[in-house]
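Residue numbers (this note's numbering): 14 to 138.
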């Protein structure tokens, strides 16, 4: 019985594919950068043309620019929100969708369920 031996190594498949991917990536980056350069040059030319039109109309963008006043915000105290439930001390009770929960180490356990939501109401202090 003859054994089949392949004279071609696996690298003969991997290296051409990797080289093709590398060259394709470099070419796509070159095309993208060339396109970005063209767009940048067009935007610069448009900006300079608009600036020249303003100067011809007698408008100096540096002299005639509008200064926007920044109004100070009222110094009212910021609202105080309750801390997140994960910061609750161990043993504290909480209400979540009508279920009464007790804080335990590493999470919450359900203690009971309120009847009709009357005994347990979610609220923020």
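The beta-carbon is built from N, C-alpha and C at its ideal position, and this holds for glycine as well.
Query: Strictly by DSSP, which residues pair up with residue 121?; Result: 116
Query: Which two residues bound the contiguous alpha helix (DSSP H) that contains residue 109?; Result: Element bounds for residue 109: not the alpha helix (DSSP H) but the beta strand (DSSP E), 106 to 109.
Query: Quick check on DSSP: helix, strand or coil for residue 76?; Result: coil
Query: Name the DSSP beta bridge partners of residue 126, please?; Result: 112
Query: Once you ignore the five residues that flank residue 130 on each side, which residues in its own chain have a CB closer than 6 Å to its CB?; Result: In this predicted model, residue 130 has a pLDDT of only 48, less than 50, meaning its place in the structure is not dependable; the value taken from the coordinates is given anyway. These residues qualify, in order along the chain: 111.
Query: May I have the straight-line CA-CA distance separating residue 70 from residue 60, to the nearest angstrom?; Result: 15 Å
Query: Using only CA atoms, which one of 88, 113, 120, 84 lies nearest to residue 101?; Result: 120
Query: Taking the continuous alpha helix (DSSP H) assigned at residue 42, which residues delimit it?; Result: 24 to 69
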